[in-house]
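Have a look at the structure below, then the notes.
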Amino acid sequence: MLLNNIFPRNRVYSFLLCASLLLCAAPKALAHAILVRSTPAAHAVVHGANVRIALHYNSRIDASRCSLTLTDASGRAQSLAMAKPAGPAELDAQAQGLAPAQYVLHWQVLATDGHITRGEVPFTVQ
Amino acid sequence: MMEGGSDLLWFLRDYPLAAILLRAATLACQSLLIGGIVFCAGILHREQHHDVWFAKAHRLLVGAAWGLISAQLVFVALDSAMLMGTSDLHIADLLTANYVLAGDLFVGTAGIFLGCLHRAAGRLSLCWMGFALPLLVASVWTSHAASRLEDRALLVVLTAIHQLATAVWIASLPYLWIFLAVEQDANAKAKILPRYSKMAVGAVAALVVAGVWMACIYTGSWSAVYGTAYGVVLAAKCALLLGVLGIGASNFVSIRALPSNMQPLLLRISRATEVEIGIGFIIILAAASLTSQPPAVDLVQGRLSLPEIAARMSPRWPRLHTPPLSAMPSVQPIAQAIRDYDPSLEVAGSTNNAVEQAWSEYNHHWAGVVVLCAGIFALLAHSKKMLWARNWPLAFLGLAIFLFFRADPEAWPLGSRGFWQSFYNPEDLEHRFFVLLILSFVAFEWGVQTGRILSKKAALVFPAVCALGGAVLLTHSHSLGNVKEELLAEMGHTAIAVCAVFAGGSRWLELRLQGKSSRRVAWAWPICLILIGLILLDYREA
């Protein structure tokens, strides 16, 4: 009982997972697929409520298993539905009905080699 | 999508490191399987009466197959948990993903291999090479090559050749080593070694040609080699490869001289092979680390220039005064950090402020002083007039205590996070692991140096721990919130890792070789320690 209070079970499981798999080091900051260019570009200012989003990567990605999330300045997040990509290294989507504000587009991609990477593109709608 | 705040998601934030380790385990196990088949079918097939050897090799093959199955199951589970935890995907959506299909192929092939091995009566024929094909397909399928937009077909072929050559050269060495250990007939050994040597020379040539070709495509320019993380790890891999090639070349010469002076040469080859195996598998870890980096040619922005590197590396007086603990920024309690954690919104680490940088530099510089002193004393200990210098391992005791208190100021005993809570942070965990490593080799090596411990096996703890520490450091990175700062820190740590691996390798050789060969390498590891000390003294974060 005392042991359970000191080490709640889920904490212990987590610890064991960490201890067994992460015995050695801090995570690598970089991983595989990286964003080469984007529309809108990082820190760009765009006009209008409907914004076309196109992200180009350095490697082939599994577009059907990638995700795009848009957060506004208040931190409210919405998932964006993906359109059919124009190429094997591209993600396309349309953000609609955006009020003038600052936004951050969070992307997560699964490269075809199985690596998952994440990043963000901040932009402003006027 | 799952909300932030679960322990599982907190654990998954260290996904990139877990992916490197699992990739390394996959590469090592697939190579051991292919290397075992090649050695068994290609080198030993004409020989008779190797039952003892086969029993031991059988155990290694079974271990490699189960290792491959485990690594792939964990990787597929981890990738799937990561995707499901951070998106709306369900398990059914992932069944046809590339990494799942490649995992199926790995697991299926290893499973069938285990079944066939169970029925194999003491030997493997060349038909078993058929298992190499699906293993290589699955491996290349989940490599950089398969996801490239340009030169894809060429890179796929080069990657397959590179991995096959690695298996044939490096991963068949453990089987050769077992053979040399269990075979009593020196003539039988002398017959097998030239066969292996011919095969290894061919494999090394293929490995180097394919490796250099791929390096040219993935880096594209010299500036990408020194200016990107990919280039730095690649350079470390090349340095380690040169070390293994040096040992291989020495074995090659010994094998050519075998007909004369057979027993001492066989012993020398067998013992040098131990180091060749150790460094060879550390190179496989470096290769796995490379696969987690975007190819250097793709990183056009954020590259380091030579003047930037020179400015950071130019020697300055070490920082030997610490900022007060009270000046360090406060940290969130771990429970709250876990609660607030949202993986889908996390991208980069935070930037260290000036106080944190000063704290870290002070730690690295004092560690440098200790390692430099230990290296100098270890060098002096070669002189019979300076027997007191043999106490050099005790310097590392001070380092272990220093690291224990100073490495993680946010955690127990200095910080607000408790002892067990600190284990949630992989960086803290890593530092505590290093403290344990240091304490273990201090205990053994001090006893060995001062004659308190006479066991030959105990003497091998220091070189083994040294090489292990170097291997671990190859996966180390600093989350400094800035690509260039991280890379500058990584450069120093990668150089330390390479020196540590060479220090471990040369000390191992000193202990295992005899006569002139042993004395010749005895100077190398203290010099490696001195180099590590100097690199640590030159460490800076700004």
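If you read the sequences in order, they're chains A and B.
Taken in order, the first sequence gives residues 37 to 162; the numbers are from this note's numbering.
Taken in order, the second sequence gives residues 277 to 818; the numbers are from this note's numbering.
Virtual Cβ for every residue (Gly too), placed ideally from N, Cα, C.
These figures come from a predicted structure and were not determined experimentally.
- [ ] Using 10 angstroms around the beta-carbon of residue 420 of chain B, count the other beta-carbons present and answer buried if the total reaches 16, otherwise exposed.
- [x] buried
Open item on the list: Helix, strand or coil, according to DSSP, for residue 362 of chain B in the structure here?
Closed with: helix
Task: Candidates A:145, A:140 and A:111, of which the one nearest residue 423 of chain B by Cα - done: A:145
- [ ] Would you kindly work out how many angstroms separate the C-alpha atoms of residue 293 of chain B and residue 414 of chain B, rounded to a whole number?
- [x] 21 Å
Task: Selected residue, minimal CA-CA separation from residue 119 of chain A, among A:112, A:110 and A:129 - done: A:129
Task: Short-range partners of chain A found in the segment 364-384 of chain B, where Cβ spacing is below 8 Å - done: 364, 365, 369, 370, 373, 374, 375 and 378
Open item on the list: Cutting at 6 Å between CB atoms, please list the residues of its own chain near residue 355 of chain B, excluding the five before and the five after it.
Closed with: 375
Open item on the list: So, at 6 Å on beta carbons, what are the nonlocal neighbours of residue 156 of chain A in its own chain, with the 5 sequence-adjacent residues on each side left out?
Closed with: 140 and 142
Task: Positions along the segment 134-151 of chain A whose CB lies within less than 7 Å of some CB in chain B - done: 142, 144, 146, 147, 148, 149, 150 and 151
Open item on the list: Please tell me whether residue 412 of chain B has its Cβ less than 8 Å away from any Cβ of chain A.
Closed with: no
Task: Proximal chain A residues relative to residue 424 of chain B, where beta-carbon distance stays under 7 Å - done: 95
Task: Minimum Cβ-Cβ distance from residue 427 of chain B to chain A less than 8 Å - done: no
Open item on the list: I'd like to know whether the C-beta of residue 92 of chain A is nearer than 8 Å to at least one C-beta of chain B.
Closed with: no
TODO: Could you run through the segment 556-582 of chain B and flag, in chain order, every residue whose CB is less than 9 Å away from some CB of chain A?
DONE: 565, 567, 568, 569, 570, 571, 573, 574, 575 and 576
TODO: Could you tell me whether the Cβ atoms of residue 83 of chain A and residue 151 of chain A are closer together than 8 Å?
DONE: no
- [ ] Quick one: residues in its chain with C-beta nearer than 6 Å to the C-beta of residue 114 of chain A, no 5 flanking neighbours on either side, listed in chain order?
- [x] 106
Task: Best match in B:431, B:447, B:532 and B:462 for proximity to residue 487 of chain B [C-alpha to C-alpha] - done: B:431
- [ ] Ignore the nearest five residues each way along the sequence and tell me which others in residue 337 of chain B's own chain have a CB closer than 7 Å to its CB.
- [x] 309, 312 and 393
TODO: State the CB to CB distance for the pair residue 307 of chain B and residue 560 of chain B, rounded to an integer number of angstroms; the pair is presumed to be in contact (CB under 8 Å).
DONE: 7 Å
TODO: Tell me whether the beta-carbon of residue 573 of chain B lies closer than 8 Å to the beta-carbon of residue 500 of chain B.
DONE: yes
Open item on the list: the ligand SAM and residue 304 of chain B: does the residue's C-beta get closer than 7 Å to at least one heavy atom of that ligand?
Closed with: Among the ligands in the structure shown, none appear at all, so the ligand SAM cannot be discussed.
Open item on the list: Could you check whether the Cβ of residue 112 of chain A sits closer than 8 Å to any Cβ belonging to chain B?
Closed with: no
Open item on the list: Please classify residue 58 of chain A as buried or exposed, where buried requires at least 16 other C-beta atoms within 10 Å of its C-beta.
Closed with: With a pLDDT of only 35 at residue 58 of chain A, under 50, the local geometry of the prediction cannot be trusted, and no value is derived from it.
- [ ] Spatial neighbours of residue 797 of chain B within its chain, please: CB distance less than 6 Å, with the 5 preceding and 5 following residues excluded, ordered by chain position.
- [x] 782, 785 and 786
Open item on the list: I want to verify the contact list: residues of chain B whose CB lies under 8 Å from the CB of residue 70 of chain A, in sequence order.
Closed with: 570, 574 and 575
Task: 9 Å Cβ cut-off: residues of chain A touching residue 355 of chain B - done: 146, 150, 151 and 152
Task: Check whether residue 272 of chain B and residue 750 of chain B have beta carbons under 8 Å apart - done: Because chain B is modelled from 277 through 818, residue 272 of chain B falls outside the range shown and cannot be assessed.
Open item on the list: Given this structure, state the Cα-to-Cα distance separating residue 773 of chain B from residue 121 of chain A, to the nearest angstrom.
Closed with: 42 Å
Task: Backbone secondary structure at residue 97 of chain A - three-state DSSP - done: strand
Task: Residue interval of the beta strand (DSSP E) (run including residue 128 of chain A) - done: 126-131
TODO: Could you tell me whether the Cβ atoms of residue 494 of chain B and residue 571 of chain B are closer together than 8 Å?
DONE: yes
Open item on the list: Give me, in chain order, the residues of the same chain whose beta-carbon lies closer than 6 Å to that of residue 90 of chain A; leave out the 5 immediate sequence neighbours on both sides.
Closed with: 75 and 128
Task: Rounded straight-line distance, which links the Cα of residue 483 of chain B to that of residue 451 of chain B - done: 20 Å
TODO: Note down the Cα distance separating residue 99 of chain A from residue 707 of chain B, rounded to an integer number of angstroms.
DONE: 38 Å
Open item on the list: Tell me which residue opens and which closes the beta strand (DSSP E) that residue 143 of chain A is part of.
Closed with: 137-146
Task: Span separating the alpha-carbon of residue 678 of chain B from that of residue 665 of chain B - done: 21 Å
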